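Below: one structure, written as structure tokens.
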Amino acid sequence: MSWAAPDDIFFSTSLAAYLDKKLLVLLRDGRKLMGLLRSFDQFANAVIEEAYERVIVGDLYCDIPLGLYIIRGENVVLIGELDIEKEELPAQMVQVSEAEIKRAQKAEKEEMLLKGLMRKRMEFLDLD
Amino acid sequence: MLFFSYFKDLVGQEVTVELKNDLAIRGTLHSVDQYLNIKLENTRVVDQDKFPHMLSVRNCFIRGSVVRYVQLPPDGVDVDLLHDAARREARGA
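Chains as they are written, first to last, in the UniProt record's numbering: chain X, 1 to 128; chain F, 1 to 93.
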């Protein structure tokens, strides 16, 4: 990867334009990390400072602080620049504690399992 | 190299990128690189309610490996040119 000249930052796909900015990083496992981009490389490996995970379950959300993170590029789906003048989340969303969001996550997981189970039970009916 | 060159010519056009995690993002193609990583500007998510965390994201970098489709305007593609380029590439390879 050739070194970009100062002006190249604006036209190229490099993450240099995002350095020291507060970003949203979506990971392949569905997690949403947020924090300041401090470093990156050609594989989209990234160093995020003051990172936190934003867990969202329905209308509830919680920010769990993580500290200094190095993310392996293969897990990165998207890196988004947050517009500071816009609201990060819809107004109806409520911030809750870590314990509460973990409970909500567990409830959602059980609901998904139950749905999957019921679907499997119905499959023998061959209704389609 | 063919699609890298092709996308370079598409810079400035409105596209919708559909990712492997089913997220679809509409925006202006800002830049592309050899890995087909994509930078979009002026983005909005197609199904905003399903992805509330994307509300304030206006520009983003999308890793090439997670793209499923890039949806283009039908008149944004010169199919014959692409066809010729593909034939040339196939002959050379």
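All residues carry an ideal CB built from backbone N, CA and C; glycine is no exception.
None of the values given here were measured: they were computed from a predicted structure.
Beta-ladder partner(s) of residue i, from DSSP
i: K22 (chain X); result: X:L36
i: E53 (chain X); result: X:L33, X:I64
i: V47 (chain X); result: X:S39, X:I70
i: E81 (chain X); result: X:L23, F:N59
i: Q95 (chain X); result: X:Y61
i: V76 (chain X); result: X:L27
Integer Cβ distance of residue i from residue j, believed to fall under 8 angstroms
i: I101 (chain X); j: L60 (chain X); result: 6 angstroms
i: V11 (chain F); j: L29 (chain F); result: 5 angstroms
i: L89 (chain X); j: P52 (chain F); result: 6 angstroms
i: K32 (chain X); j: L24 (chain X); result: 6 angstroms
i: P73 (chain F); j: Q34 (chain F); result: With a Cβ gap of about 24 angstroms, P73 (chain F) and Q34 (chain F) do not count as contacting.
i: A44 (chain X); j: G73 (chain X); result: 4 angstroms
Closest by C-alpha distance to residue i, when choosing among the options
i: F3 (chain F); options: F:L23, F:G64, F:K50, F:R91; result: F:G64
i: K22 (chain X); options: X:K120, X:S39, X:Q92, X:R103; result: X:S39
i: L19 (chain F); options: F:A86, F:V66, F:V79; result: F:V66
i: D48 (chain X); options: X:E87, X:M34, X:L113, X:R54; result: Here the sequence assigns Ile to residue 48 (chain X), which means Asp is not the residue at that position. With distances taken between Cα atoms, I48 (chain X) lies closest to X:M34.
i: G58 (chain X); options: X:E74, X:A91, X:K86, X:L78; result: X:A91
i: L40 (chain F); options: F:P52, F:D47, F:E89, F:K8; result: F:K8
i: G80 (chain X); options: F:F61, F:A90, F:L23, F:A24; result: F:F61
i: L23 (chain F); options: F:A86, F:L55, F:Q13, F:R88; result: F:L55
i: residue 103 (chain F); options: X:L15, X:E108, X:V96, X:K32; result: Nothing can be reported for residue 103 (chain F), as the shown portion of chain F is limited to 1 through 93.
i: I25 (chain F); options: F:Q34, F:D49, F:Y6, F:S5; result: F:D49
i: C62 (chain X); options: X:N75, X:L19, X:Q95; result: X:Q95
i: I71 (chain X); options: X:E110, X:L37, X:K120; result: X:L37
i: V77 (chain X); options: X:S12, X:A17, X:T13, X:L26; result: X:L26
i: A17 (chain X); options: F:N59, F:R68, F:D84; result: F:N59
i: V55 (chain X); options: X:L114, X:D29, X:E87, X:L82; result: X:D29
i: V17 (chain F); options: F:S5, F:T43, F:Y69; result: F:Y69
i: L82 (chain X); options: F:S5, F:V15, F:R44, F:Y6; result: F:R44
i: Y52 (chain X); options: X:I64, X:E123, X:S12; result: X:I64
i: N75 (chain X); options: X:A46, X:E50, X:L117, X:E85; result: X:A46
Neighbour flag for residue i against chain C, beta carbons, 9 angstroms
i: L55 (chain F); result: Note that chain C does not occur in the displayed structure, where the protein chains are X and F.
Problem - Interface residues of the stretch 20-36 of chain F facing chain X [CB-CB below 7 angstroms] - result: N21, S31, V32, D33
Handout entry: Whole runs of the alpha helix (DSSP H) within the UniProt domain "Sm" (2-76) of chain F, excluding any shorter than 4 residues
Key = List check, alpha helix (DSSP H) in window: 2-10.
Handout entry: Near-chain F residues of the stretch 18-42 of chain X - C-beta to any C-beta below 8 angstroms
Key = Y18, L24, L26, R28, G30, K32
Practice task
For the stretch 96-116 of chain X, enumerate the residues whose C-beta is nearer than 7 angstroms to any C-beta of chain F, in chain order.
Solution key: none
Exercise for the section: Quick one: which residues of the stretch 79-90 of chain F get their C-beta closer than 9 angstroms to a C-beta of chain X? List them in chain order. Expected result: none
Practice task
Residues of the stretch 42-59 of chain X with a CB closer than 7 angstroms to any CB of chain F: list them in chain order, please.
Solution key: A44, R54, I56
Problem - Contacting positions in the stretch 1-16 of chain F - beta carbon closer than 8 angstroms to chain X - result: Listed by position along the chain: nothing, the set is empty.
Practice task
Go through the stretch 97-128 of chain X residue by residue and report every complete run of the alpha helix (DSSP H) that reaches 4 residues or more, in order.
Solution key: Fully contained in the stretch 97-128 of chain X are the following alpha helix (DSSP H) runs of length 4 or more, in chain order: 98-123.
Practice task
Report the residues of the stretch 64-75 of chain F with a CB closer than 8 angstroms to any CB of chain X, ordered along the chain.
Solution key: S65, V66
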